[in-house]
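A.B. asks:
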């Protein structure tokens with residue numbers, strides 16, 4: 029084939045070029061600044077050659093109204109051309125040579141979109157064919173777009189290895205055999221009943237195949253989305269590993285060798301046959317058969333619906349819900365998990381069952397594994413959760429999550445021995461500003477009891493004995509905790525030993541300026557303790573002062589300031605002044 033005559037073009041400053049109403053049969057064009065080309069209404073054009081484009085960016089090519097186009101040659105590109113096809117009907121026999129990273133089409137009754145995986149090289153060839161031409165194709169190591177026709181009588185297709193496949197509008201197709209090991213998309217196949225895969229790495233995406241009821245053989249992932257009324261039963265046989273289903277009319281699913289399953293709003297699904305322990309994500313309603321037999325993940329709206337039922341007295345799905353909550357260990361899920369477990373406590377669910385689910389949740393987060401791995405927790409991993417209080421939480425929700433966790437502990441400890449033994453863990457590991465804040469806020473709740481307050485007191489004491497390095501002054505949460513502790517000292521809600529622990533913590537945790545201000549405010553409430561600490565600071569060595577408050581601190585001035593505070597007369601209260 030002779031090369032078409034080159035047509036000089038000059039793109040706009042932005043790199044765009046628009047050509048409309050061309051009467052040419054062949055075009056060859058390109059430019060070093062070309063980034064986007066719109067070629068519109070060229071009914072006679074059969075061959076288009078793009079010889080050059082801008083470096084470092086993919087070419088965007090719009091082809092609209094070119095019914096005669098048979099061949100399109102694209103320039104070399106690391107990312108591949110972004111190709112938009114439009115017109116009254118698909119161009120029959122179109123061959124595209126060159127790198128394509130993304131392709132979409134709008135041919136009146138047929139619309140599609142498909143892109144190459146980012147981790148893979150672009151397709152090096154795209155072919156648009158009819159079903160009758162499929163058997164005669166040789167492997168092209170690209171993408172084959174098969175466009176059906178209402179008059180086409182093809183009932184069976186065999187997709188061979190060597191290409192990705194996109195099947196559109198397959199009106200008469202009843203059976204599909206897939207040898208291709210890459211990606212296969214089927215969009216619109218109203219009579220398709222069975223699919224057989226023969227490659228373990230096949231990724232199959234099916235949209236609108238309403239009578240499809242069986243997928244067999246081998247494959248990696250099946251995605252099935254039914255937009256209209258469809259078959260009530262589906263069998264995924266053979267060695268298919270994963271499936272993602274959005275089938276609102278599906279009632280029964282048999283997936284005997286599943287490794288993972290995701291269900292999207294399969295509201296009528298009642299019966300699901302899976303191997304025991306398969307990770308299952310449910311968005312929308314959850315089939316009863318899954319509640320007691322799978323590693324189940326629910327979306328938040330589904331969780332709320334089940335929690336409401338339990339709060340209303342229906343405890344039939346408690347075990348399934350506990351199992352689902354025990355798998356919400358990821359950082360963005362665990363807050364909901366703890367909050368939901370606390371709600372189960374409020375609903376009177378068995379404390380031991382709730383505590384066991386809480387321990388599994390913590391063990392999985394400490395493990396930081398992937399929920400998709402079908403591995404049960406070992407005894408060692410469970411024992412680790414018994415000795416740790418170390419949640420990985422979003423910073424803005426940490427207090428909410430920890431207070432929910434402490435509420436679970438309060439509810440369970442009376443009847444669950446392992447929860448009672450967890451008390452020592454809370455004390456020993458509640459030394460961070462976040463954890464200590466939660467323990468203090470928990471102990472100040474109206475429903476708090478003596479054990480809650482003792483845990484707070486012990487944690488304060490242990491934290492005071494270990495230098496905090498001025499942590500209370502370094503964050504908003506630390507400063508809020510310092511204000512709460514200062515308020516406690518001013519009330520009669522703490523014992524003398526706890527008051528001493530709080531003052532020691534403030535002394536070790538606040539910077540010099542803040543500490544002086546706090547001591548001045550507390551002098552009227554705790555004069556003996558404040559004077560004693562001020563005297564002790566006025567006698568501190570240069571080395572200790574600079575180590576505690578920073579090298580820029582003037583030791584002599586600091587000692588003088590605290591000595592003056594210690595010698596200051598005790599402030600007179602308003603009541604005493606009136607008397």
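Numbering (the working numbering), first residue to last: 29 to 607. Even for Gly, the Cβ is constructed at its ideal location relative to N, Cα and C. None of the values given here were measured: they were computed from a predicted structure.
1. So the alpha helix (DSSP H) residue 107 belongs to, where does it begin and stop?
2. Using DSSP's beta-bridge definition, name the partner residues of residue 141.
3. Whose CA, out of 522, 104, 518, lies closest to the CA of residue 548?
4. With distances taken from CA atoms, which of 120, 88, 98 is nearest residue 108?
5. Contact defined as beta carbons within less than 8 Å: I believe residue 73 pairs with residue 57. What is the distance between those atoms, to the nearest angstrom?
6. Would residue 509 pass as a contact of residue 460 if the rule is Cβ separation under 7 Å?
7. Taking 7 Å as the threshold (beta carbon to beta carbon), is residue 204 in contact with chain B?
8. Is the distance from the Cβ of residue 267 to the Cβ of residue 285 below 7 Å?
9. State the start and end residues of the unbroken beta strand (DSSP E) segment that holds residue 271.
10. Taking the C-alpha atoms as reference points, what is the distance between residue 130 and residue 103?
11. Which partner residues of residue 292 appear in the DSSP bridge assignment?
12. Determine the direct distance from the alpha carbon of residue 49 to that of residue 80, and round the result to whole angstroms.
13. State the DSSP-derived secondary structure class of residue 370, mapped to helix, strand or coil.
14. What is the rounded straight-line gap between the Cα of residue 611 and the Cα of residue 175?
15. For the candidate residues 245, 238, 220, whose alpha-carbon lies nearest to that of residue 229?
16. Would you grab the beta carbon distance between residue 529 and residue 488 for me? Rounded to a whole angstrom, and I think it's under 8 Å.
17. Just to confirm the assignment, what range does the alpha helix (DSSP H) spanning residue 469 have?
18. Is the beta carbon of residue 335 sitting closer than 7 Å to the one on residue 371?
19. Once you ignore the five residues that flank residue 66 on each side, which residues in its own chain have a CB closer than 6 Å to its CB?
20. So residue 455 and residue 490 are supposed to be a Cβ contact under 8 Å. How far apart are they, rounded?
21. For residue 192, tell me which candidate among 303, 144, 494, 359 has the shortest Cα-Cα distance.
22. Mapping the DSSP letters down to three states, classify residue 499 as helix, strand or coil.
23. Go through its chain and collect everything with a Cβ distance to residue 39's Cβ below 6 Å, but skip five positions before and after it.
24. Under the DSSP definition of a beta bridge, which residues are partnered with residue 233?
25. Run through DSSP, which three-state label would residue 300 get?
26. If we call anything under 7 Å between Cβ atoms a contact, is residue 294 one with residue 379?
27. Using only the alpha-carbon positions, how far apart do residue 575 and residue 565 sit?
28. Take every Cβ of the region 328–345, pair it with every Cβ of the region 302–309, and state whether three or more of those distances are shorter than 8 Å.
29. Can you check the region 323–383 for any alpha helix (DSSP H) of at least 4 residues that lies completely inside it and give the ranges in chain order?
30. In the DSSP output, what is residue 435 paired with across the bridge?
31. In this structure, does DSSP put residue 536 in helix, strand or coil?
32. Under 7 Å between the Cβ atoms of residue 271 and residue 366?
33. Looking at C-alpha atoms only, which residue of 185, 432, 106 is the closest neighbour of residue 148?
34. Less than 8 Å between the CB atoms is what I'm expecting for residue 77 and residue 101, so what's the real figure, rounded?
35. What do you reckon, are the CB atoms on residue 180 and residue 159 nearer than 7 Å?
36. Tell me the DSSP bridge mates of residue 225?
C.D. replies: Per the coordinate set shown:
1. Here residue 107 refers to the residue found at position 79 when the chain shown is read from its first residue. Counted as a single uninterrupted DSSP element, the stretch harbouring residue 107 is not any alpha helix (DSSP H), since DSSP gives it neither H nor E.
2. Along the chain shown, read from residue 1 onward, the residue named residue 141 stands at position 113. Beta-bridge pairing links residue 141 to 132.
3. The residue given as residue 548 occupies position 520 in the chain shown. Among 522, 104, 518, the Cα nearest to that of residue 548 belongs to 518.
4. The residue given as residue 108 occupies position 80 in the chain shown. Among 120, 88, 98, the Cα nearest to that of residue 108 belongs to 88.
5. Numbered from 1 along the chain shown, position 45 holds the residue referred to as residue 73. Numbered from 1 along the chain shown, position 29 holds the residue referred to as residue 57. About 12 Å; that fails the 8 Å criterion.
6. Here the question's residue 509 lines up with position 481 in the chain shown. Here the question's residue 460 lines up with position 432 in the chain shown. No, the Cβ-Cβ distance between residue 509 and residue 460 is not below 7 Å.
7. Absence of chain B from the displayed structure is noted, only one protein chain being present.
8. Here residue 267 corresponds to residue number 239 of the chain shown, with the count starting at 1. Here residue 285 corresponds to residue number 257 of the chain shown, with the count starting at 1. Cβ distance < 7 Å, so residue 267 and residue 285 count as in contact.
9. Within the chain shown, numbered from 1, the residue matching residue 271 stands at position 243. For residue 271, the enclosing beta strand (DSSP E) stretches over residues 267–274.
10. The sequence position of residue 130 within the chain shown is 102, counting from 1. The sequence position of residue 103 within the chain shown is 75, counting from 1. Residue 130 and residue 103: Cα-Cα distance of roughly 15 Å.
11. Position 264 of the chain shown, counting from 1, holds the residue named residue 292. Answer by DSSP bridge pairing, in chain order: 311.
12. In the chain shown, the residue the question calls residue 80 occupies position 52. In the chain shown, the residue the question calls residue 49 occupies position 21. When rounded, the distance between both Cα atoms is 22 Å.
13. Walking along the chain shown from the start, residue 370 turns up at place 342. Residue 370 falls in the helix class under three-state DSSP.
14. Residue 611 falls outside the range modelled here, since the chain spans only 29 to 607, and no answer is possible.
15. Within the chain shown, numbered from 1, the residue matching residue 229 stands at position 201. When each option's Cα is compared against that of residue 229, the closest is 245.
16. Within the chain shown, residue 529 is the residue found at index 501, counting from 1. Within the chain shown, residue 488 is the residue found at index 460, counting from 1. Residue 488 and residue 529 do touch by the CB rule: their CB atoms are close to 4 Å apart, below 8 Å.
17. For the purposes of this step, residue 469 is identified with residue 441 of the chain shown, where counting begins at 1. Start and end: 461–471.
18. Start at 1 with the first residue of the chain shown, and residue 335 comes out as number 307. Start at 1 with the first residue of the chain shown, and residue 371 comes out as number 343. The beta carbons of residue 335 and residue 371 sit closer together than 7 Å.
19. The sequence position of residue 66 within the chain shown is 38, counting from 1. Setting aside the 5 residues that flank it on each side, residue 66 is surrounded in the same chain by 46, 90, each with a C-beta closer than 6 Å to its C-beta; the list follows chain order.
20. Working through the chain shown from its first residue, we reach residue 455 at position 427. Working through the chain shown from its first residue, we reach residue 490 at position 462. Separation of the CB atoms of residue 455 and residue 490 is rounded to 6 Å, and the pair is thereby assigned contact status at 8 Å.
21. Within the chain shown, residue 192 is the residue found at index 164, counting from 1. Closest option to residue 192, Cα to Cα, is 144.
22. Residue 499 sits at position 471 when you count from the first residue of the chain shown. DSSP places residue 499 in helix when its eight states are reduced to three.
23. Sequence index remark: in the chain shown, residue 39 carries index 11 (1-based). Within the same chain, Cβ atoms closer than 6 Å to the Cβ of residue 39 are found at 45, 59, 61, 62, the five residues on either side in sequence being excluded.
24. In the chain shown, residue 233 corresponds to position 205, counting from 1. Note: residue 233 sits in a beta bridge opposite 213, 251.
25. For the purposes of this step, residue 300 is identified with residue 272 of the chain shown, where counting begins at 1. Assigned with DSSP and collapsed to three states, residue 300 falls in strand.
26. As a working note, residue 294 is residue 266 in the chain shown. As a working note, residue 379 is residue 351 in the chain shown. No, these two residues do not count as a Cβ contact at 7 Å.
27. Mapped onto the chain shown, residue 575 falls at position 547. Mapped onto the chain shown, residue 565 falls at position 537. Residue 575 and residue 565 have their C-alpha atoms some 13 Å from each other.
28. When Cβ pairs closer than 8 Å are counted between the two stretches, the region 328–345 is seen not to touch the region 302–309, the count staying below three.
29. Fully enclosed alpha helix (DSSP H) runs of 4 or longer: 328–339, 346–353, 362–374.
30. Here the question's residue 435 lines up with position 407 in the chain shown. In the DSSP output, where bridge partners are listed per residue, residue 435 has none listed.
31. What you label residue 536 is simply residue 508 of the chain shown in a count that begins at 1. Note: residue 536 maps to helix in three-state DSSP.
32. Numbered from its first residue, the chain shown carries residue 271 at position 243. Numbered from its first residue, the chain shown carries residue 366 at position 338. Going by C-beta atoms, residue 271 is not nearer than 7 Å to residue 366.
33. Taking the chain shown and counting its residues from 1, the one referred to as residue 148 is at position 120. Measuring from the Cα of residue 148, the nearest candidate turns out to be 106.
34. Residue 77 sits at position 49 when you count from the first residue of the chain shown. Residue 101 sits at position 73 when you count from the first residue of the chain shown. Right, the Cβ-Cβ distance comes to about 4 Å (below 8 Å), so this counts as a contact.
35. What you label residue 180 is simply residue 152 of the chain shown in a count that begins at 1. What you label residue 159 is simply residue 131 of the chain shown in a count that begins at 1. In terms of Cβ geometry, residue 180 and residue 159 form a close pair [threshold 7 Å].
36. Your numbering for residue 225 matches position 197 in the chain shown. Looking at the DSSP output, residue 225 bridges to 206, 245.
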